[in-house]
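Residue numbering for the sequence shown follows the working numbering, starting at 15 and increasing by one per position. Have a look at the structure below before the remarks.
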Amino acid sequence: MTDPGWLKFALRLDGKGGATPFEPQLSAGDHATRWIHLDYTRPESRDWLEARADIPMVVSEALLTPETRPRVSEVGGGLLVYLRGVNLSPDARPEDMIAVRLWVRDGLVISTQKRTLKSLTELVEALYAGEGPATPSELLAGLVDGLVWRMEDAIEQIEDQVAAFSEQLESRPGSREQTRRIGALRRRAITLRRYMAPQRDALIKLHGDSRIRSGDAETIREATDRLQRLLEDLDAAREHATLLQEEVFSAQNETINDRMYLLAIISAIFLPLGFLTGLFGINVGGLPWLEDPNGFWWFSGMLAITSTGILLWMIRRRWV
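See the structure below:
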C-alpha cells in the first residue's frame, strides 16, 4: 500500500469509492482521477515534479516548500491547499502539527508531506476498501472533515487538563510544578490557535470555491463551523489557564507574605530582647543585680514582661 521511499502512493480513483495503484505517469486521454502522494523531503520528489511538463514550476515549488501556513489559492490552473492536522503519534505533542500540501485540478490530485497524517491514511484505507471518495472534491471534503474531528479530540484533552488543575487548586495551594504545567498548557493552546485560525479562514475560502461540489461544500462548511467552535473553546481554555496561573501566583505570594509577616512579628519581639541581653552582657561595673544571687531570675522576668508588653501592644494596634 505504501512505498517507504519518495513515492508514498499513487492511486487511480474508480469514481465509485474505490482505487487501485498505478505507475505515476500523467498520460493524456485517461479521465480517471489520479492521486499521487509524495515525500517532499526526498530529492526524487523534486525530480519527478520538475520532469512533468503539465505541472507548472510554481506548483512544484509550492508542493515542496518546507514551511507552510494553512491557505487556499488558485495556482497554476488548479487549487493549491495547505492544511494542518494534530500530531497523534505516540509521545508527540498535539501542537506539533503536521502539514499536508495538495494541488487539485480536474482528474489529478498531487499531495506532499513528511510525517504520517492519520486522517489522510484513513482516506487511503477507505479507498482500498471501496468506501472512499469518488472525486477530488469529495477527497478534499473527507480530508478536512477528518482533520477537524481530530483537532476536537486534542482540544478536549486541553480542556480536561485545565479542569483537573482547577480541581487541584481547590484542594491544595498552588506549587511551582503546577505553575510550570499550567504555563506549558497555555503555550500549547497558543500554538494550536496559531495554526487553527488561518485554517478556518482557508476552509471558508475552500467551501466557496466553484470546483467544490455542493454536497462536499456543505461538509466543509460544517467542518468550518466545528472548527470555529473549537477555536472558541480553545480561547476559553487558554483564558481559564491564565486565571489559574494567576491564582497559583496569588497563592504562592500569599504564602510568602504570611511567612514574612510571621518573621517580622518574631523579629519585632526579639529585637528589644536582644538589645537588653547585649546591654547586660557588657563587662563594666554598675550593672544591676550583678551581685544579687537572684539576678538571673530578675533579668529573665524583665525579658518576659518586655516581650509580653510588646505582644500586647501589637495586638492593640491590630498588627497581630
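We treat Cβ as the ideally placed atom computed from N, Cα and C, and that holds for glycine.
- Spanning the alpha carbons of D120 and R227 requires a straight line of approximately 13 Å.
- Under the three-state reduction of DSSP, A148 is assigned to coil, being neither helix nor strand.
- The continuous alpha helix (DSSP H) containing R60 extends over residues 57-65.
- DSSP places T126 within a strand segment (E or B) once states are collapsed to three.
- Burial is judged here by how many other beta carbons sit within 10 angstroms of a residue's own beta carbon; P84 has at least 16 and is buried.
- Put simply, of R273, V118, A265 the residue whose alpha carbon is nearest the alpha carbon of S224 is V118.
- Taking all protein chains in view, the Cβ of I69 is crowded by 16 or more other Cβ atoms within 10 Å, so the residue is classified as buried.
- Three or more pairs of CB atoms, one per stretch, sit closer than 8 Å, so the stretch 17-29 contacts the stretch 136-148.
- Taking H45 as the centre and dropping the five residues before and after it, the same chain places the C-beta of G121 closer than 8 Å to its C-beta, in chain order.
- Excluding the 5 residues flanking it on each side, L241 has same chain C-beta neighbours closer than 8 Å at V162, M165, M210, Q213, R214, L217, in chain order.
- Partner residues in the beta bridge of H51, as assigned by DSSP, are F23, S125.
- Secondary structure at V72: helix, using DSSP grouped into helix, strand and coil.
- Between S133 and L94, the gap from beta carbon to beta carbon reaches 8 Å or more.
- Inter-segment contact for the stretch 174-185 and the stretch 60-80 is absent: fewer than three beta-carbon pairs are separated by less than 8 Å.
- I319 and M328 have their C-alpha atoms some 14 Å from each other.
- Bounds of the beta strand (DSSP E) holding V89 are 85-89.
- Relative to the Cα of T47, the nearest Cα in the group G222, A24, G295, G292 belongs to A24.
- As DSSP reads the structure, A33 sits in a beta bridge with L27.
- No Cβ-Cβ contact shorter than 8 Å links E136 with G99.
- Excluding its 5 nearest sequence neighbours in each direction, A250 has no C-beta neighbour in its own chain below 6 Å.
- DSSP places V118 inside the beta strand (DSSP E), whose first and last residues are 112-119.
- Look at R227 here: in three-state DSSP terms it is coil, with no helix or strand label.
- When C-alpha distances from V73 are compared across E109, R115, A33, the shortest belongs to R115.
- For V100, the three-state secondary structure derived from DSSP is coil.
- In its chain, beyond the 5 residues on either side, V176 have a beta carbon closer than 6 Å to the beta carbon of H254.
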